Amino acid sequence: MTFSLLVGAIIGSHYQSRVAVVIELQSDQGVNTASLTDGRPSAGLRVTQMLEEHLPLVHQIETQVYDFPWSQKVFADCLAAGYSCHLFWDGTDLVGYSLVAIAAGEAHLLNIGIDRQYQRRGYAAHFLPVVLNITSDLGGRVVYLEVRPSNKAALALYRKFDFDQIGLRKNYYRGLTQREDAVVLSRDISGNI
Ligand SMILES: CC(C)(COP(=O)(O)OP(=O)(O)OC[C@H]1O[C@@H](n2cnc3c(N)ncnc32)[C@H](O)[C@@H]1OP(=O)(O)O)[C@@H](O)C(=O)NCCC(=O)NCCS
């Protein structure tokens, strides 16, 4: 296990009980107030922890929404490292997921995906702030992420939630014909989200 994975594992186990409390609060909040950006109220919006048993379903979504999906093993490694890994539900439907690594106040949003059939219905807009709140409760003060310049949907989502570009990593991603840069974004989450 690398040092960073070990740190992640320690942080994960240290905060496990707090995570459960945070999620219960979010879930209660969802029952009373949740509505999607199309105005459609949805009492069943919930966030739960991702567990090993969910990985086949998560991986189904991953392969559907990315040209270069993570393997199921990468998800398993994130869980084993104790990263903050969550599932997004609408009733009994799994609509998406997120994975965040947090260490020394810095959080890295490693992945967020919404099942294709639920996209453009306000789910990411509902769940991203929930994830940022959980990340803040777990000690994250700044969130970093990388995104492909060609990923207009994700860039628009992050802009909507006040992420700013802080850099560009050249030739960071694999591409279908050539490598693609990564736009590096960050957002302070130490205040109001
Ligand atoms: C990016 C993603 C998570 C957005 O999820 P979503 O639930 O469809 O997003 P929402 O419906 O909540 O939309 C929220 C905002 O995102 C932006 N957005 C989402 N989809 C968009 C699209 N196809 N085109 C342009 N903007 C889009 C808009 O700003 C939108 O706000 P608006 O409705 O007021 O215009 C989803 O497209 C996805 O899973 N993509 C594949 C995985 C991915 O790229 N993850 C990010 C990796 S960095």
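So for the sequence shown, our numbering puts the first residue at 4; every next one is plus one. C-beta: ideal position from N, C-alpha, C; glycine also. As the structure is a computational prediction, the values presented were derived from the model and not from experiment.
Note the first and the last residue of the continuous beta strand (DSSP E) segment covering residue i.
i      : result
SER139 : Looking at the DSSP string, SER139 is not in any beta strand (DSSP E); the run it does join, the alpha helix (DSSP H), is 126-140.
ALA110 : 109-117
ARG190 : 183-191
Residue i by DSSP, collapsed to three states: which one?
i      : result
TYR176 : strand
ARG144 : coil
GLN122 : coil
ALA157 : helix
ILE64  : helix
ALA83  : helix
LEU39  : coil
PHE78  : helix
LEU9   : The predicted position of LEU9 is uncertain, since its pLDDT is 33 and thus under 50; a value taken from the coordinates is nonetheless stated next. It is helical.
LEU28  : In this prediction, LEU28 scores a pLDDT of 36, lower than 50, which makes its location untrustworthy; no coordinate-derived value is stated.
If I'm right that residue i touches residue j with Cβ under 8 Å, what's the distance once you round it to whole angstroms?
i      : j      : result
LEU112 : VAL68  : Wrong, their Cβ atoms sit about 15 Å apart, outside the cutoff.
HIS89  : PHE78  : Wrong, their Cβ atoms sit about 12 Å apart, outside the cutoff.
ARG162 : SER193 : That belief does not hold up - the Cβ atoms of ARG162 and SER193 are roughly 20 Å apart, past 8 Å.
ILE137 : TYR100 : Between TYR100 and ILE137 the Cβ distance is about 13 Å, and since that is not below 8 Å, they are no contact.
ASP53  : LEU82  : At residue 53 the sequence reads Met, which differs from the Asp that was named. Confirmed, about 7 Å.
GLN75  : LEU58  : 5 Å
LEU160 : ILE105 : Not a contact, Cβ separation roughly 20 Å.
PHE71  : ARG177 : 5 Å
ILE196 : LEU148 : Wrong, their Cβ atoms sit about 15 Å apart, outside the cutoff.
Name the two residues that bound the continuous alpha helix (DSSP H) containing residue i.
i     : result
THR95 : From DSSP, THR95 is part of no alpha helix (DSSP H); its letter is neither H nor E.
LEU48 : It is not in any alpha helix (DSSP H) - LEU48 instead sits in the beta strand (DSSP E) that spans 48-52.
Anyone know if the C-beta pair for residue i and residue j falls short of 8 Å?
i      : j      : result
LEU171 : VAL186 : yes
PHE166 : SER189 : yes
ASP80  : GLY47  : no
HIS129 : LEU60  : no
Inset, instruction - For the region 171-184 and the region 122-138, state whether three or more C-beta atom pairs, one from each stretch, are separated by less than 8 Å. - result: no
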